[in-house]
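Engineer: The following block contains the structure, expressed as structure tokens.
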Amino acid sequence: PTTMSRGRLPQILMWFSITPHSANPETVANTAAMLASLHQGFRQREPVELVVEGNANGTRLLANLPNSLCSLFKANAADLLPDCCVEPAVTKRSSKPLRQIVVIRLVPECFAVGQQAGIDTEGPYLAAPLLSALRTGRSGAFETRIRMRIRPVDRSRRRKMDSMIARMGYKLRFGWLDQQYVRLIHSRNLVFERLGELLRRFSFAKRRGFDPAAGKLSSHLYECLMTVEVYGPSTAIRLVESKVADIIGSLGSLTSEDAHFHIAKREDKAVSDWRYSSLFSPAELAQVWHPPYGQTRIANIARSPIVELEPPNWVMPARDLDGVELGRVVYRQQKDRVALSSEARMRHSFVIGKTGCGKSTLIQNMVVSDLREGRGVCVLDPHGDLVDGLLDFVPKCRTNDVLLFDVGDTAFPVG
716 PTTMSRGRLP QILMWFSITP HSANPETVAN TAAMLASLHQ GFRQREPVEL VVEGNANGTR
776 LLANLPNSLC SLFKANAADL LPDCCVEPAV TKRSSKPLRQ IVVIRLVPEC FAVGQQAGID
836 TEGPYLAAPL LSALRTGRSG AFETRIRMRI RPVDRSRRRK MDSMIARMGY KLRFGWLDQQ
896 YVRLIHSRNL VFERLGELLR RFSFAKRRGF DPAAGKLSSH LYECLMTVEV YGPSTAIRLV
956 ESKVADIIGS LGSLTSEDAH FHIAKREDKA VSDWRYSSLF SPAELAQVWH PPYGQTRIAN
1016 IARSPIVELE PPNWVMPARD LDGVELGRVV YRQQKDRVAL SSEARMRHSF VIGKTGCGKS
1076 TLIQNMVVSD LREGRGVCVL DPHGDLVDGL LDFVPKCRTN DVLLFDVGDT AFPVG
């Protein structure tokens, strides 16, 4: 997909999937650092989408970025999330007839969530309730998403944030009156905001004695338009509504008693009105959009079967050795051919792995390389499959050198 801005070239948007390994050790701080680096890379006001999606294939993390941020995202993801598989993804719109899209806001938005709200993050994975709520069955009858469209906050919005924090520094004498005051100053309506100011001036207000966003304003800030989307069959209206309520309720694990997520609007189509956005720091976004880590066990999470490891220093390029070429190194941007030197092979090699991982193919390539180089080689194969495959790759110049001892041949038994 592409987006066009007035007087600018079209931006090509690209989807990426982030699939963690079962032993992912990276914490939320790594994801927060990656999202903070994107803040400086924004060249235009095109938003980035962070999605947590649940369907019949499991729960996975997705990111939709303009082409100007793709290289920065991939480089930072490779360094900060090395145990996660980051690769281009293909997404499609849901074909379910029933859909419900709910826009949610953080009220008051000047308060912090997650770690910055003082919640203990050394304990269980905070987003575990959210991932559990997003989980769907294997039948594929339902699809769930929590979508966060983010872009750097502009100066006018930040000034409004500073003004709101100054207003939140006061607490009215009576609890019910203080609740009305908070609701009025966060209404984003000029008339209601002035009513809140008058209510504070003509009532007995006092200082709260704490900073509601102590660690929030010291970092980069994003405008975040957060939506909860649930798709299902037309006959499951109550189940869809219940799923939406479960997802919104699961976000309560990230908030304190001073703030909560509020339903701002209900729609049946995508919402792009930034008036319903909230302000979040990269650390707060990472509390929602982060792959599971540590010993967290959450069912139906899409997992990566492998972890890309950096090759050791002694693995030399094939052009510098006279040994057997093993293949290519596939690690980030490296595509070098590597070989095993003759000296290393003379000290014996041990190849181990489960069935189907390529042990026989590696041994076959080593034998064929020795045959082409004119070396002597002996193969003892208890099964016979490896030898049968090798006979098809014997060079013509070495066919008269081959001696085959087949102990299974009853017509010509081996003495």
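So for the sequence shown, my numbering puts the first residue at 716; every next one is plus one. The C-beta atom is built at its ideal place from N, Cα and C for all residues, glycine as well. Computed from a predicted model, the values in this text were never measured in an experiment.
1) Kindly confirm or deny that the segment 962 to 978 and the segment 841 to 853 touch, where touching means at least three C-beta pairs closer than 8 Å.
2) Three-state secondary structure (DSSP) at residue 1059?
3) Among 1113, 1039, 1046, 1111, which has the Cα closest to the Cα of residue 1079?
4) Considering residue 999, what are the terminal residues of the alpha helix (DSSP H) in which it resides?
5) Report the CB separation of residue 1109 from residue 1086 in whole angstroms; it is logged as a contact under 8 Å.
6) Residue 735 to residue 769, Cα distance in whole Å?
7) Out of curiosity, what's the CA-to-CA distance linking residue 774 and residue 1014?
8) How far does the alpha helix (DSSP H) with residue 746 in it reach, from first residue to last?
9) Examine the Cβ distances between the segment 966 to 980 and the segment 873 to 881 and report whether three or more of them are shorter than 8 Å.
10) Does residue 770 come out as helix, strand or coil in the three-state DSSP assignment?
11) Please report how far the alpha carbon of residue 822 lies from the alpha carbon of residue 976, in whole angstroms.
12) For the alpha helix (DSSP H) containing residue 1078, list its first residue and its last residue.
13) What separation, rounded to the nearest whole angstrom, lies between the Cα atoms of residue 892 and residue 944?
14) Under three-state DSSP, which class holds residue 909?
15) On the criterion of 16 or more Cβ atoms from any shown chain inside 10 Å, does residue 1097 qualify as buried, or is it exposed?
16) At the level of alpha carbons, what is the spacing between residue 1094 and residue 1102?
17) Between residue 815 and the rest of its own chain, which residues show a CB-CB distance below 6 Å, the 5 nearest in sequence each way excluded?
18) Whole angstroms are fine: how far does the CA of residue 894 sit from the CA of residue 792?
Structural biologist: Walking through what the data contain:
1) A contact is defined here as three or more CB-CB pairs under 8 Å, and the segment 962 to 978 meets this definition with respect to the segment 841 to 853.
2) Residue state for residue 1059 is assigned as helix, using DSSP reduced to three classes.
3) It is 1039 whose Cα lies nearest to the Cα of residue 1079.
4) Where residue 999 is concerned, the enclosing alpha helix (DSSP H) stretches over 997 to 1003.
5) Cβ atoms of residue 1109 and residue 1086 come within 8 Å of each other, at about 6 Å.
6) Looking at the two C-alpha atoms, the distance is approximately 15 Å.
7) Residue 774 and residue 1014: Cα-Cα distance of roughly 9 Å.
8) Boundaries of the alpha helix (DSSP H) harbouring residue 746: 743 to 756, taken from the DSSP string.
9) With contact defined as three or more Cβ pairs closer than 8 Å, the segment 966 to 980 and the segment 873 to 881 are not in contact.
10) Strand, per DSSP.
11) Roughly 6 Å separates the two Cα atoms.
12) 1074 to 1087 is the span of the alpha helix (DSSP H), which, as asked, contains residue 1078.
13) Cα to Cα, the separation comes out at about 34 Å.
14) Judged by DSSP in its simplified three-state form, residue 909 adopts helix.
15) Exposed is the call here.
16) If you take the alpha carbons of residue 1094 and residue 1102, they lie about 8 Å apart.
17) The beta carbon of residue 815 lies closer than 6 Å to those of 945, 955, 959 in the same chain, with the five residues before and after it left out.
18) Each residue's Cα considered, the two are about 42 Å apart.
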